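**Q**
Numbering (the working numbering), first residue to last: 1 to 407.
(1) So does residue 80 have its beta carbon nearer than 7 Å to some heavy atom of the ligand COA?
(2) Please look up how many angstroms separate the CB atoms of residue 77 and residue 97, rounded, as I've assumed it's under 8 Å.
(3) Can you tell me the Cα-Cα spacing of residue 267 and residue 257, whole angstroms?
(4) Taking a contact to mean a Cβ-Cβ separation below 8 Å, would you say residue 92 touches residue 5 in this structure?
(5) Quick one: what's residue 140 bridged to in DSSP?
(6) Checking 8 Å against the spacing of the C-beta atoms, do residue 276 and residue 152 come in under that value?
(7) Quick check on DSSP: helix, strand or coil for residue 361?
(8) Tell me whether the beta-carbon of residue 150 lies closer than 8 Å to the beta-carbon of residue 172.
(9) If you draw a straight line from the C-alpha of residue 205 to the C-alpha of residue 316, how long is it?
(10) Apart from the five residues just before and just after residue 405, which ones in its own chain have a Cβ nearer than 7 Å to its Cβ?
(11) Taking C-alpha atoms, which residue in 231, 229 and 187 lies nearest to residue 210?
(12) By DSSP, does residue 15 sit in helix, in strand, or in coil?
(13) Going by other Cβ atoms of all chains shown within 10 Å of its Cβ, with 16 needed for buried, is residue 298 buried or exposed?
(14) Considering only residues of the same chain and omitting the five flanking positions on each side of residue 184, which have a CB-CB separation below 7 Å?
(15) Going by the CB atoms, is the gap between residue 81 and residue 245 shorter than 8 Å?
(16) Determine the direct distance from the alpha carbon of residue 169 to that of residue 407, and round the result to whole angstroms.
(17) Among 181, 251 and 313, which has the Cα closest to the Cα of residue 227?
(18) Does the contact criterion of 3 or more C-beta pairs under 8 Å hold for the stretch 40 to 52 versus the stretch 23 to 32?
(19) Helix, strand or coil: which one does DSSP assign to residue 38?
(20) Report the option in 286, 232, 272 and 241 whose CA atom is closest to the CA atom of residue 264.
(21) Can you tell me whether residue 354 is buried or exposed? The criterion is at least 16 other CB atoms within 10 Å of its CB, across all chains shown.
(22) Within its chain, find whatever has a CB closer than 6 Å to the CB of residue 45; leave out the 5 residues flanking it on each side and keep chain order.
(23) Under a three-way DSSP split, which group does residue 405 fall into?
(24) Note down the Cα distance separating residue 141 from residue 217, rounded to an integer number of angstroms.
(25) Using the beta-carbon count (16 or more within 10 Å), is residue 107 buried or exposed?
(26) Is the stretch 175 to 184 touching the stretch 275 to 291, taking contact as three or more C-beta pairs under 8 Å?
(27) In angstroms with no decimal places, state the Cα-to-Cα distance between residue 284 and residue 401.
(28) Please classify residue 366 as buried or exposed, where buried requires at least 16 other C-beta atoms within 10 Å of its C-beta.
(29) Is residue 378 closer than 8 Å to residue 223 when the C-beta atoms are compared?
(30) Counting only runs that start and end within the stretch 192 to 264, where is the beta strand (DSSP E) found for 3 or more residues in a row?
(31) Under 8 Å, do residue 300 and residue 201 count as touching if we go by C-beta distance?
(32) Output yes or no for whether 8 Å exceeds the beta carbon distance between residue 41 and residue 17.
(33) For a test of the three-state rule: what should DSSP assign to residue 8, helix, strand or coil?
(34) Let me check understanding here. Comparing Cα to Cα, which of 253, 375, 370 and 321 lies closest to residue 344?
(35) What are the boundary residues of the alpha helix (DSSP H) that residue 325 is part of?
(36) With DSSP as the reference, identify every bridge partner of residue 317, one or two as the case may be.
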């Protein structure tokens, strides 16, 4: 039985573990100890730090794995590259993984590769941050360079906000520097794809919804497909190809943030893994081809294919709470009500659990995915989803109060 090592066992890795088992793999999960749902699903578990590349290599060698992968998180990508290099496995290289998991190094690579991207500065102190703020002209956005899920990211319009944003980013990062980037005004979308043998096997732009938590915007949902002209699609693909080339990405899933500004395409970030917030499920819905299966095939060197699919519109929404507290009540049958052929509702908590005030993407409390029919317009699909979200919010109570619907 072939062995697949999956890094992480949280809510975003659960479907990957399940699909690997369906495909006949012996699944090994490496994860920090904790209440992670994937730990009970994997055939074998190693409680370890997934960022410890040498430790992950040792267990990979001991288990004689046939492939290694993850989804929805950046923290373990460097370990994947380290193992793929050492064991000559299909997948991203360590050098590429290092570039793709440090936003400052990534931006430098973009700049050197001729990729259209916002101006930026790497800063090591508040004084340097202030100089960057002056040079770039506010507003700017300050980012921890080695985090995901919108952790350590904040917009700054004033010097006071700049210092707060700098301290937040430094509290999150393991690096001695943070990124200060010019904040561009435009329409932000996402692009997910899969690279194999230097070619885009999948390339799907998608619109996104944002949840405002203070000065931080959290991705809170996506819709597929993204309606655009042929010319814009080609420009996005050219910029994405140049960005992937600048990072040396291949044999990996790709998740990127793009800003459309005055008919210009600006690449904000590019991750070397599949997106979170229900994106793999949406890709599966949109294409009719299981995306987790293709990620696993890519990890073990099998040919992936997304040919001859008919785009089906679909949309997702994450649930957040504007205040922390105890989930005191879940309305009768609400979980079953939205498990239909067109809608899937996943609640990450149960009655009596404590939930966090929304501050970043990891604070989600659930996810809804709603499928349309081929040819349906996204406006009507979104209206249907809004009605579903409103019903769910009215049936979830935090400290005795219905969850607010404030997206």
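Backbone N, C-alpha and C define an ideal beta-carbon position, used for all residues, glycine too.
Treat the numbers as computed from the prediction; the structure is a model and nothing was measured.
**A** Working from what's here:
(1) This structure simply doesn't include the ligand COA, nor any ligand for that matter.
(2) 5 Å
(3) 6 Å
(4) no
(5) 156 and 182
(6) no
(7) helix
(8) no
(9) 15 Å
(10) Its pLDDT being 45, under 50, residue 405 is placed unreliably in this model, and the value from its coordinates should be taken loosely. Contacts found: 389, 390 and 393.
(11) 187
(12) helix
(13) buried
(14) 118, 259, 261 and 266
(15) no
(16) Bear in mind that a pLDDT of 39 at residue 407, under 50, signals an unreliable position, so the model cannot answer this.
(17) 313
(18) yes
(19) helix
(20) 232
(21) exposed
(22) 29 and 39
(23) Model confidence at residue 405 stands at a pLDDT of 45, short of 50, so the residue's coordinates are unreliable; what they give is reported in the following sentence. Coil, per DSSP.
(24) 11 Å
(25) buried
(26) no
(27) 35 Å
(28) buried
(29) yes
(30) 199 to 213, 216 to 224 and 252 to 261
(31) no
(32) yes
(33) coil
(34) 370
(35) Here residue 325 belongs to no alpha helix (DSSP H); instead the beta strand (DSSP E) covers 325 to 330.
(36) 368
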